[in-house]
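Reading through the structure tokens given below for one structure.
This is how it looks when you write it as structure tokens:
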């Protein structure tokens with residue numbers, strides 16, 4: 004945080020108005036307002052009294068702290084997300100650059116901001132050029148995070164960067180990063196936490212963690228079934244590919260959302276260049292994004308903290324799917340079809 008943020012946060016935390024702060028320090032309320040907006044800074048003679056008034060120390064007030072807390076990082080994530088929805092990807096990207104300049108060596112922040120930038124680009128970016136620029140900057144943030152002292156953040160950054168290199172066909176670079184990653188850890192501390200909660204009769208919290216764990220496992224299984232089905236198509240074993248697609252659909256039925264249940268089947272149909280079937284499945288997937296609220300009714304999300312309201316993020320997924328299909332060569336066989344062009348007009 005910057006000094007202006009500390010002053011505003013601490014003042015509100017202790018229930019002080021700008022006028023009260025001004026009175027106690029012998030300045031005007033507009034002066035305090037300027038401190039909180041970042042237009043000016045307090046006079047050096049006021050720093051110690053201001054710190055005492057706000058019940059903090061000078062290091063915190065002047066933002067000399069080198070490390071960020073998890074709450075700090077979460078606060079920046081929330082700020083950037085809100086900015087992306089209200090002002091667009093451009094403003095959010097600018098804010099990310101400002102935040103990174105303040106903490107250029109914090110690995111967790113670099114990784115999270117890179118991930119945020121990629122997500123924002125997918126959901127809110129308006130042009131392919133904007134997506135490319137944001138992707139390039141996200142990769143740079145991952146590279147910086149991969150060199151940090153925070154082992155966990157560095158590994159996450161290497162994983163994300165390797166994924167980007169694979170998408171770009173930079174397989175040697177991706178392999179070098181993969182070789183630096185640890186083998187999968189078989190110990191899952193979340194399972195121990197669930198066991199403790201069950202023993203303590205904290206069933207609601209235990210159920211919430213179980214839902215999260217099951218959801219993550221199902222999504223991982225679905226992704227792997229999708230890739231395995233794609234590999235089967237490329238090997239020429241289409242019967243096996245369609246069986247895998249069927250199993251994938253059954254696995255994902257628990258979500259109660261057709262987008263997931265049709266995803267692997269769409270991969271197989273597109274891999275076979277079956278235009279009619281691809282369009283049929285694509286239409287169902289896009290329609291399901293219009294009714295994304297159905298996912299809230301799944302028995303898997305009884306204890307999840309899911310906010311009501313805006314489903315624009317889900318609808319944007321459809322726009323981005325169509326945008327990628329218009330760019331990627333593997334979908335070229337669909338682009339000139341009237342029914343595909345109609346879907347583009349309807350959902351873009």
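Numbering (my numbering), first residue to last: 4 to 351.
Glycine is no exception: its CB is placed at the ideal position from the N, C-alpha and C atoms.
What whole-angstrom Cβ distance do residue 267 and residue 251 have, given they're in contact under 8 Å?
Position 264 of the chain shown, counted from the start, is the residue given in the question as residue 267. Position 248 of the chain shown, counted from the start, is the residue given in the question as residue 251. The C-beta distance from residue 267 to residue 251 rounds to 4 Å, short enough to fall under 8 Å.
By Cβ distance below 6 Å, which residues in the same chain neighbour residue 113 in space, the five residues on each side in sequence not counted?
Translated into the one-based positions of the chain shown, residue 113 becomes position 110. Closer than 6 Å at Cβ, skipping near neighbours: 144, 147, 148.
Report yes if the C-beta distance between residue 346 and residue 285 is below 8 Å; otherwise report no.
Here residue 346 corresponds to residue number 343 of the chain shown, with the count starting at 1. Here residue 285 corresponds to residue number 282 of the chain shown, with the count starting at 1. Yes.
Using the Cα positions of residue 21 and residue 100, report the straight-line distance between them to the nearest angstrom.
By 1-based counting over the chain shown, the position of residue 21 is 18. By 1-based counting over the chain shown, the position of residue 100 is 97. About 30 Å.
My assumption, with CB atoms under 8 Å, is that residue 9 sits in contact with residue 63. Please give the rounded CB distance.
As a position in the chain shown, residue 9 is number 6, starting the count at 1. As a position in the chain shown, residue 63 is number 60, starting the count at 1. Contact holds; Cβ gap of about 6 Å.
Can you tell me whether DSSP reads residue 252 as helix, strand or coil?
In the chain shown, residue 252 corresponds to position 249, counting from 1. Of the three classes helix, strand and coil, the one that applies to residue 252 here is helix, per DSSP.
Answer yes or no: the CB of residue 193 versus the heavy atoms of the ligand MN, is any distance below 7 Å?
Among the components modelled here there is no ligand, and therefore nothing to report on the ligand MN.
Does residue 91 come out as helix, strand or coil in the three-state DSSP assignment?
The count along the chain shown starts at 1 and reaches residue 91 at position 88. Assigned with DSSP and collapsed to three states, residue 91 falls in coil, not helix or strand.
Give the single residue among 218, 223, 95 whose Cα lies nearest to the Cα of residue 140.
Locating residue 140 in the chain shown gives position 137, counting from the first residue. Nearest to residue 140 by alpha-carbon distance, out of 218, 223, 95, is 95.
By alpha-carbon positions, which one of 123, 275, 80, 45 ends up nearest to residue 92?
Counted from its first residue, the chain shown places residue 92 at position 89. The candidate whose alpha carbon is nearest that of residue 92 is 123.
Within the region 122–167, note down every full beta strand (DSSP E) run reaching 3 residues or more, in order along the chain.
Secondary structure within the region 122–167: not one fully enclosed beta strand (DSSP E) run of 3 or more consecutive residues is present.
Determine the burial state of residue 15: buried for a count of at least 16 other Cβ atoms within 10 Å of its Cβ, exposed for fewer.
The residue labelled residue 15 in the question sits at position 12 within the chain shown. Exposed, because fewer than 16 other Cβ atoms sit within 10 Å of the Cβ of residue 15.
For residue 183, which residues of its own chain have a beta-carbon under 6 Å away from its beta-carbon, when the five flanking residues on both sides are left out?
On the chain shown, residue 183 is found 180 positions in, with the first residue counted as 1. Hits under 6 Å: 161.
Under the three-state DSSP convention, the category residue 312 falls into
For the purposes of this step, residue 312 is taken as residue 309 along the chain shown, with counting starting at 1. In this predicted model, residue 312 has a pLDDT of only 46, less than 50, meaning its place in the structure is not dependable enough to derive any value.
Could you check the C-alpha separation between residue 238 and residue 329 for me, to the nearest Å?
Taking the first residue of the chain shown as position 1, residue 238 is located at position 235. Taking the first residue of the chain shown as position 1, residue 329 is located at position 326. Cα-Cα distance, rounded: 25 Å.
Can you list, in chain order, the stretches of the alpha helix (DSSP H) that have 4 or more residues and sit fully within the region 220–265?
Runs of the alpha helix (DSSP H) inside the region 220–265: 241–254.
With a CB to CB cut of under 8 Å and the five nearest residues on each side skipped, what residues in its chain are close to residue 59?
Along the chain shown, read from residue 1 onward, the residue named residue 59 stands at position 56. Closer than 8 Å at Cβ, skipping near neighbours: 9, 13.
Which residues in the same chain have their Cβ closer than 6 Å to the Cβ of residue 102, if we skip the five residues on either side of it in sequence?
As a first step, residue 102 must be located in the chain shown, where it is residue number 99. So the list reads 79, once near-sequence residues are dropped.
On the CB-based measure, 16 or more other CB atoms within 10 Å of its CB, does residue 281 come out buried or exposed?
In the chain shown, residue 281 corresponds to position 278, counting from 1. Burial state of residue 281 is buried, judged by a 10 Å Cβ sphere holding 16 or more other Cβ atoms.
Which first and last residues belong to the alpha helix (DSSP H) in which residue 283 is found?
The residue given as residue 283 occupies position 280 in the chain shown. Taken as a continuous stretch (DSSP letters only), the alpha helix (DSSP H) holding residue 283 covers 278–293.
Are residue 200 and residue 208 touching if we call contact CB-CB under 8 Å?
For the purposes of this step, residue 200 is taken as the residue at position 197 of the chain shown. For the purposes of this step, residue 208 is taken as the residue at position 205 of the chain shown. A distance below 8 Å separates the beta carbons of residue 200 and residue 208.
Look up residue 55 in the DSSP assignment and say whether it is helix, strand or coil.
Your numbering for residue 55 matches position 52 in the chain shown. Of the three classes helix, strand and coil, the one that applies to residue 55 here is helix, per DSSP.
Throw me the rounded Cβ distance for the residue 303 and residue 257 pair, which I believe falls under 8 Å.
To locate residue 303, count along the chain shown from 1; it is residue 300. To locate residue 257, count along the chain shown from 1; it is residue 254. The pair is a contact, with the Cβ atoms about 5 Å apart (cut-off 8 Å).
I'd like to know whether the C-beta atoms of residue 66 and residue 110 end up nearer to each other than 8 Å.
Taking the chain shown and counting its residues from 1, one reaches residue 66 at position 63. Taking the chain shown and counting its residues from 1, one reaches residue 110 at position 107. It is not a contact, given that the beta carbons lie outside the stated cut-off.
Going by DSSP, what residue range makes up the alpha helix (DSSP H) through residue 359?
With the chain covering only 4 through 351, there is no way to say anything about residue 359.
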